[in-house]
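No gaps in the numbering here: position 41 of the sequence shown is 85 in the numbering used here, and each next residue is one more. For each residue, glycine too, the CB sits at the ideal point set by N, CA and C.
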Amino acid sequence: MAKKPVLNEQAREIRTKKKFGQHFLHDRGLIDKILRLLDVQTGDFILEIGPGPGTLTFPLSEQSVAVFCVETDADMVDLLAAQPQTNLTVVHADFLKWDLPAMFPKTFKVLSNLPYNVSVPITARLLQWTDRIPCMVLMYQKEVANRVRAQPRTKDYGPISVLTQLFYTCGQHFEVAPGAFRPPPKVMSQVIRLDRRGEFLVPLEGLGWVDRITHRLFQQRRKMIGGMLNRLDWPEKSGLVESYVACGFSLQARPEDLSPNDYANWYRTFMESYEKR
């Protein structure tokens, strides 16, 4: 595989910016491992978020794929745009304020060494396009990765666990030591592959409902749901309580006791009762 010494030299000269949460990979063996996890096929369209100096981007673009990068750091955009790659597109934008352009294909994969300070909001935004994203390979701070993968009744289980697992299964994963980055972060990292479910636990339009209810309930994760529902400021609150009880859930249950499938059942029951009103 061809090397890019000019890029490597330029990348070493660029100072990372703390405000962007930048930590650049420099371990080529690890880079190859991440790309293998993505399982790139000829003709794939890859969205990369926060490519930095291109340590993942350029090895990826050497394959027969189209790579589309969204980068918020103007210096990195200039560095990437200066490379003669015909299958690489780079846009300067804040991903959290960016929307898919009309030219985007119906199906694309996602790759990202996520900026750790905004990794959860980025994940939540990606979930809005689940119907177009069959798989994602994402690197998180380890404690955040644990939250994404967490199971009910564990300390890491929370809204992002529920939301992600409504639509994706958490597949292969591996840890990355601080020494693989420049500068090294103070925490361990973890790479996860997310594979879209063959059948979603809720329709995509139910994402917002589950997002709102889980965030409200998990603000007091150790309290009983029955008591919280009585105090909750929520449109159609009576329907919310009735649908919860109709699912057969205990009023003494806590938010962490309900599985993603339980939250999905609650949503479906609520919507059925709402449509009958």
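- When C-alpha distances from N157 are compared across P299, M268, F225, D138, the shortest belongs to F225.
- Listed as beta-bridge partners of T86 by DSSP are no residues whatsoever.
- If you draw a straight line from the Cα of I93 to the Cα of V114, it comes to about 5 Å.
- Relative to Q216, the option among I204, R193, V206 whose CA is nearest is R193.
- K281 is classed as exposed because its beta carbon has fewer than 16 other beta carbons within 10 Å across all chains shown.
- A distance below 8 Å between beta-carbons, with the five flanking residues on each side excluded, links S317 to the following residues of its chain, in chain order: G283, E286, S287, A290.
- For R237, the enclosing beta strand (DSSP E) starts and ends at 233–240.
- Beyond the five residues adjoining it in sequence on each side, A168 comes within less than 8 Å, by CB distance, of I204, L207, D255 in the same chain, given in chain order.
- Here the alpha carbon of Q127 sits roughly 59 Å from the alpha carbon of N274.
- Distance from T99 to H70 at the Cβ level is roughly 7 Å; contact confirmed, criterion being Cβ atoms closer than 8 Å.
- With respect to the C-alpha of R241, the residue from W253, P149, R191, D175 having the closest C-alpha is D175.
- The beta carbons of L210 and L245 sit closer together than 7 Å.
- For A224, DSSP records no beta bridge to any residue.
- Secondary structure at A110: strand, using DSSP grouped into helix, strand and coil.
- If you keep only unbroken beta strand (DSSP E) runs of at least 3 residues inside the region 130–159, you get 132–136, 153–157.
- Of the other Cβ atoms in all chains shown, 16 or more fall within 10 Å of the Cβ of A308; this residue is therefore buried.
- Within the same chain, Cβ atoms closer than 8 Å to the Cβ of S163 are found at L182, Y184, Q185, V188, the five residues on either side in sequence being excluded.
- Excluding residues up to 5 positions away in sequence, T174, D175 lie with their Cβ nearer than 7 Å to the Cβ of L248 in the same chain.
- Bridge partners of H217 according to DSSP: I236.
- In this structure, the straight-line span from the alpha carbon of V84 to that of P178 is close to 12 Å.
- Of the candidates P196, N131, P227, P97, the residue whose Cα lies closest to the Cα of T116 is P97.
- With fewer than 16 other Cβ atoms from the protein chains shown falling within 10 Å of its own Cβ, E219 counts as exposed.
- Pairing Q263 with V231, the inter-Cα distance amounts to about 25 Å.
- From the listed residues M120, G87, I75, P95, the smallest Cα separation to Q107 is found for G87.
- In this structure S105 is in contact with L132, their Cβ atoms being roughly 5 Å apart against a cut-off of 8 Å.
- For a cut-off of 8 Å, the C-beta gap from A110 to I78 is around 18 Å, too long to register as a contact.
- In the structure shown, the three-state DSSP call for L182 is strand.
- Here DSSP, grouped into helix, strand and coil, assigns E300 to helix.
- Burial of M120 is indicated by the presence of at least 16 other C-beta atoms within 10 angstroms of its C-beta.
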